[in-house]
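When you line the sequence shown up against my numbering, it's residues 10 to 213, in that order.
Positions of the beta carbon are idealized from the N, C-alpha and C atoms, including for glycine.
Note that this is a predicted model, so its numbers are computed, not measured.
First up is the structure itself, then whatever we jot down about it.
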Amino acid sequence: MIRLENFCVPTTTLTRRCYGGKCEKVQKYWSNYVASNVPFLKIFDDLVVHTILPLLKARVQAANSPLSEEGTCHQKLDFYYQRPPTIRIQPGPAWSIVKHHRDSEYGHQDGEINYWIPLTSPELTNVDLFVESHPDAEDYHPMNVQLGEMGVFHGSSCRHYIPANGSDCTRISLDFRVGIGGYYDTEYLMVGSKDDHCRRTVRL
């Protein structure tokens, strides 16, 4: 059986051009491929629109916020989800890590939340996403998300990281952000980032 964990990544694709590698070229190719893969995007859209956003709307309306006042349960809410999502590939064994960071350090605003979906088995790679319970807590804990599940967290304020992949398997995950109407500023300009993510608007 072919498994994603057995996906082999050429060494040259992990090295930046200034060191004789093809990292930037491969990243651009991969990003363009994902953005143009119609069958994949349809599955992704269905997941977001029919599963994730209805659950998110219910949680927003149940929260103690101006959007949950009496009479708002049937109000429409706008959501702005990142499309296409980002695919992360972390071959092993390797020493590279995703360092501790908040997404606000890379220009993201507070009005969005993060979704993280492993596409390979954490049991085979022994790699997980570690997140603070709240901003500056420094109590990093693994998400413990398994195949078929997804993790949700506020990545703009809570620091998070992914450790090195010491296994012989490749770790692959999918992540994206969702902006919530009333909190997400559509006119916001990302500071510190060269490329903003494209967004699709959905009203529920």
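Sequence-distant residues of its chain with Cβ nearer than 7 Å to residue i (five each side left out)
i	result
Y197	Q118
A103	A173, N174
Element boundaries [beta strand (DSSP E), containing residue i]
i	result
Y124	121-127
R209	208-212
K108	107-110
Q91	87-91
Y170	169-171
Closest by C-alpha distance to residue i, when choosing among the options
i	options	result
D137	P94, I106, V69, S165	I106
L64	M159, M199, K31	M159
Y193	D184, S182, R209, N46	R209
V140	H163, E132, T134	H163
R134	Y28, V154, E147	One point to set straight first is that residue 134 is Thr, not Arg, in the sequence displayed. When each option's Cα is compared against that of T134, the closest is V154.
A71	H59, T60, Q84	Q84
R111	H169, T20, Y149	H169
G157	S182, E147, H150, H59	S182
A146	S176, H109, I171, E132	H109
C17	S176, G190, N41, Y42	S176
L13	L128, T60, Y42, Y28	L128
Bridge partner(s) assigned by DSSP for residue i
i	result
P151	F139
L183	I96, I126
F162	N123
I189	F88
Start and end residues, alpha helix (DSSP H) containing residue i
i	result
Y42	32-45
A67	62-71
E132	131-134
Proximity of residue i and residue j at Cβ, strictly below 8 Å
i	j	result
G69	Y124	The sequence given here has Val at residue 69, not Gly. Cβ atoms of V69 and Y124: not closer than 8 Å.
T195	Y38	no
S165	S113	yes
G101	R180	yes
L56	L213	no
M10	G116	no
I98	D184	no
C167	H143	yes
L50	K66	no
V58	V211	yes
Close beta carbons around residue i, own chain, < 6 Å, minus the five adjacent residues each side
i	result
R186	Q91, E121, N123
H206	Q91
A44	P93
T95	D184
I171	V107, L138
G188	Y89, G120, E121
Cutoff 8 Å; reference residue i; Cβ partners in own chain excluding five residues on either side
i	result
T22	G30, K31, C32, V35
N15	C178, T179
M152	W125, D137, L138, F139, V140, G160, F162
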